[in-house]
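A.B. asks:
In the working numbering, the protein residues as written are 1 to 299.
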C-alpha cells in the first residue's frame, strides 16, 4: 500500500512538471510590434524614413531578446518570433539568438500570428499598442492607423492583441504576457484576463509618452516573461464563439463601397462592412486580403 502511494505521488509530480506540448521543453511564440516599444513615440520611430527608426529597431530587438532570455530562464526551448510591424522587416536578425526562427514580411494568412499552431504552449506580445477605439495610448489603431475607425469581432471592440489572442486561442494557445504602454496593458488585461503586463511607458498623447530607459525596460520584460512562463498553468486560451462576425468601419467611405461588391461582404452603412467567417482563421485571411491587396501588385 505504501509503495503504491509512493508511485502515485511520483506520477503526479512528473505530470505536473511535464511541458504542455508533450515535448522535452516549452515552445513559445512571440509576436512583436513597434509602437509599444520603449522610447517609441512618433512616425520618426516607426517608418524606415524616420531619423530615429534605426534606434527604434535596436530597442525593438532588445525587447525581444529580453523576452527570450526570460522564457528560457523559466524552461522554454523552442521559440518562434513574428516581426509584425510595417514591412515586417524591422528586427535586427543578426542580433537575435542563432537557435530561434523569425517570420518576416508579408502577406501572411495569419497576419501577426503567422507560424503559430497547436504545438505551442504559450504566446507573448511585445511592443503592442491600444485599439483604434481607445482614446488613450501611443499610436492607437487596429491594423491600419490611416484606414480603420472601428474594429469588432462578435460585437466586441478589438485591439490587435484581442484578434491575435483569438488566433492563438483557435489553436488552444494562451497569451501569457503583453508589453507596451500603460493603456495597452490595461486594455489587454481587461479583455484577456490576468496576463502578465510589462509597462515600458505611459502615454501622454497619440505621439507622446513618458518612457523608461531601454535597459530598464529590458530588465522588466525579462522578469515578466520568466514570471509568465512560471505561471503558465494559470492562463486559458482566448476563444470566440463561431461563426465569427467581423464589423469593420473605415475612415473613408470608398473602401466599404468597393468591398461590398464581393458577395461575401455586406455594407452595413456608408463607412462599414460586415464579413462572417466560419472561424477566426477565415476572418484573418479576409483581413490580410483587405490590408495587402493592391491592383498594381507585381513580382
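All residues carry an ideal CB built from backbone N, CA and C; glycine is no exception.
Let me know the beta strand (DSSP E) ranges lying completely inside the region 101-189, each 3 residues or longer, listed in chain order.
C.D. replies: As far as the region 101-189 is concerned, its whole beta strand (DSSP E) runs of at least 3 residues are 101-103, 122-128, 148-153, 175-181.
A.B. asks: Using beta-carbon positions only, say whether residue 122 and residue 230 come within less than 8 Å of one another.
C.D. replies: Taking 8 Å as the Cβ cut-off, residue 122 and residue 230 do not qualify as a contacting pair.
A.B. asks: Could you tell me if residue 72 is buried or exposed, where buried requires 16 or more neighbouring beta carbons within 10 angstroms of its beta carbon?
C.D. replies: Per the 10 Å Cβ criterion, buried.
A.B. asks: Pick helix, strand or coil for residue 3, following the three-state DSSP scheme.
C.D. replies: Its pLDDT being 46, under 50, residue 3 is placed unreliably in this model, and the value from its coordinates should be taken loosely. Looking at residue 3 - three-state DSSP - the assignment turns out to be helix.
A.B. asks: What does DSSP give as the partner residue(s) for residue 32 in the beta ladder?
C.D. replies: According to DSSP, residue 32 bridges with 83, 126.
A.B. asks: Under 8 Å, do residue 62 and residue 253 count as touching if we go by C-beta distance?
C.D. replies: No, the Cβ-Cβ distance between residue 62 and residue 253 is not below 8 Å.
A.B. asks: If you measure between the beta carbons of residue 105 and residue 32, is that distance less than 8 Å?
C.D. replies: No. Outside cutoff.
A.B. asks: Which residue or residues does DSSP assign as beta-bridge partners of residue 249?
C.D. replies: For residue 249, which the question treats as bridged, DSSP gives the partners 150, 272.
A.B. asks: Could you tell me whether the Cβ atoms of residue 280 and residue 221 are closer together than 8 Å?
C.D. replies: Contact flag unset, no.
A.B. asks: Rounding to the nearest angstrom, what Cα-Cα distance links residue 288 and residue 135 in this structure?
C.D. replies: Answer to the nearest angstrom: the Cα atoms are 25 Å apart.
A.B. asks: So if DSSP puts residue 26 in a beta bridge, which residue, or which two residues, is it bridged to?
C.D. replies: Beta-bridge pairing links residue 26 to 76.
A.B. asks: Distance, Cα to Cα, residue 294 vs residue 25?
C.D. replies: Straight-line Cα distance between these residues: approximately 42 Å.
A.B. asks: What residue from 107, 36, 210 has the CA that sits closest to residue 141's CA?
C.D. replies: Of the listed residues, the one whose Cα sits closest to residue 141 is 36.
A.B. asks: Contact between the region 164-182 and the region 198-211 is defined here as three or more beta-carbon pairs at a separation below 8 Å; is this criterion met?
C.D. replies: Result yes; three or more Cβ-Cβ pairs closer than 8 Å.
A.B. asks: DSSP beta-bridge partners for residue 55?
C.D. replies: Per DSSP, none; premise fails for residue 55.
A.B. asks: Kindly give me the distance between the Cβ atoms of residue 270 and residue 248, rounded to whole angstroms, as I take these residues to be in contact under 8 Å.
C.D. replies: 13 Å between Cβ atoms; not a contact.
A.B. asks: Is residue 171 near residue 27, with beta carbons less than 8 Å apart?
C.D. replies: The answer is no: Cβ separation not under 8 Å.
A.B. asks: Report the rounded CA-to-CA distance for residue 69 versus residue 233, giving the unit in angstroms.
C.D. replies: Whole-angstrom Cα-Cα distance: 20 Å.
A.B. asks: Give me whichever residues DSSP pairs with residue 244 in a beta bridge.
C.D. replies: Residue 244 pairs with 277.
A.B. asks: Does residue 45 pass the burial test, meaning 16 or more other C-beta atoms within 10 Å, or should it be called exposed?
C.D. replies: Residue 45 should be labelled buried.
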